[in-house]
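What follows is a short report on a single structure.
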Amino acid sequence: MAEPINVKCPSCDQILAAADEGGLVSALQAHLYEGHALETLPERIRENVAAQLRDFDGYNARPISGA
7 MAEPINVKCP
17 SCDQILAAAD
27 EGGLVSALQA
37 HLYEGHALET
47 LPERIRENVA
57 AQLRDFDGYN
67 ARPISGA
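7 is the number of the first residue of the sequence shown in the numbering used here; add one for each residue after it.
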(Lines of atoms letter the chains of each structure in order from A and count residues from 1; the text may use other names and numbers.)
(Lines give C-alpha, C1' and ligand atoms only; values in the text may rest on other atoms or scores of the structure.)
Protein backbone atom coordinates (compact mmCIF):
# COMPACT_ATOMS: atom_id res chain seq x y z
CA MET A 1 0.00 0.00 0.00
CA ALA A 2 1.31 3.47 -0.88
CA GLU A 3 2.07 5.94 1.87
CA PRO A 4 -0.40 8.80 2.23
CA ILE A 5 0.57 12.20 0.89
CA ASN A 6 -0.06 15.33 2.91
CA VAL A 7 -0.58 19.07 2.67
CA LYS A 8 -0.87 21.89 5.18
CA CYS A 9 -4.01 23.88 5.79
CA PRO A 10 -3.12 27.37 4.53
CA SER A 11 -5.11 28.94 7.37
CA CYS A 12 -3.78 27.06 10.42
CA ASP A 13 -0.87 24.87 9.19
CA GLN A 14 -2.59 21.64 10.30
CA ILE A 15 -1.29 18.66 8.33
CA LEU A 16 -3.93 16.77 6.32
CA ALA A 17 -3.21 13.40 4.69
CA ALA A 18 -4.90 11.27 2.02
CA ALA A 19 -4.10 8.50 -0.43
CA ASP A 20 -4.22 10.73 -3.53
CA GLU A 21 -4.61 14.31 -4.71
CA GLY A 22 -8.41 14.05 -4.98
CA GLY A 23 -8.57 12.86 -1.39
CA LEU A 24 -6.42 15.78 -0.29
CA VAL A 25 -8.77 18.21 -2.02
CA SER A 26 -11.76 16.65 -0.24
CA ALA A 27 -9.99 16.60 3.13
CA LEU A 28 -8.88 20.22 2.82
CA GLN A 29 -12.32 21.36 1.69
CA ALA A 30 -13.97 19.59 4.66
CA HIS A 31 -11.36 20.98 7.08
CA LEU A 32 -11.83 24.55 5.84
CA TYR A 33 -15.62 24.26 6.11
CA GLU A 34 -15.73 22.54 9.50
CA GLY A 35 -12.69 24.10 11.16
CA HIS A 36 -12.71 27.61 9.75
CA ALA A 37 -16.29 28.13 8.51
CA LEU A 38 -14.96 28.83 5.00
CA GLU A 39 -16.88 27.79 1.91
CA THR A 40 -14.23 27.77 -0.78
CA LEU A 41 -14.54 26.98 -4.46
CA PRO A 42 -13.18 23.51 -5.26
CA GLU A 43 -11.00 25.07 -8.00
CA ARG A 44 -9.17 27.22 -5.41
CA ILE A 45 -8.64 24.20 -3.19
CA ARG A 46 -7.34 22.09 -6.11
CA GLU A 47 -5.00 24.94 -7.06
CA ASN A 48 -3.67 25.15 -3.50
CA VAL A 49 -3.15 21.38 -3.18
CA ALA A 50 -1.42 21.19 -6.57
CA ALA A 51 0.88 24.09 -5.66
CA GLN A 52 1.84 22.42 -2.39
CA LEU A 53 2.53 19.09 -4.09
CA ARG A 54 4.68 20.76 -6.78
CA ASP A 55 6.69 22.81 -4.29
CA PHE A 56 7.05 20.49 -1.32
CA ASP A 57 10.49 21.89 -0.32
CA GLY A 58 9.32 25.49 0.00
CA TYR A 59 5.58 25.88 0.36
CA ASN A 60 4.45 28.81 -1.80
CA ALA A 61 0.74 28.28 -2.42
CA ARG A 62 -1.36 31.37 -2.01
CA PRO A 63 -3.58 31.40 1.09
CA ILE A 64 -7.17 30.34 0.56
CA SER A 65 -8.63 32.45 3.35
CA GLY A 66 -7.29 35.69 1.90
CA ALA A 67 -5.35 36.31 5.11
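All residues carry an ideal CB built from backbone N, CA and C; glycine is no exception.
This one's a predicted model, so the numbers in the text were calculated from it and none came from an experiment.
Rounded separation between residue i and residue j - CA only
{"i": "residue 10", "j": "residue 30", "result": "10 Å"}
{"i": "residue 45", "j": "residue 35", "result": "8 Å"}
{"i": "residue 55", "j": "residue 20", "result": "13 Å"}
{"i": "residue 53", "j": "residue 8", "result": "23 Å"}
{"i": "residue 28", "j": "residue 49", "result": "12 Å"}
{"i": "residue 42", "j": "residue 33", "result": "13 Å"}
{"i": "residue 13", "j": "residue 22", "result": "5 Å"}
Proximity of residue i and residue j at Cβ, strictly below 8 Å
{"i": "residue 47", "j": "residue 17", "result": "no"}
Strand pairing of residue i, partner residues [DSSP]
{"i": "residue 21", "result": "14"}
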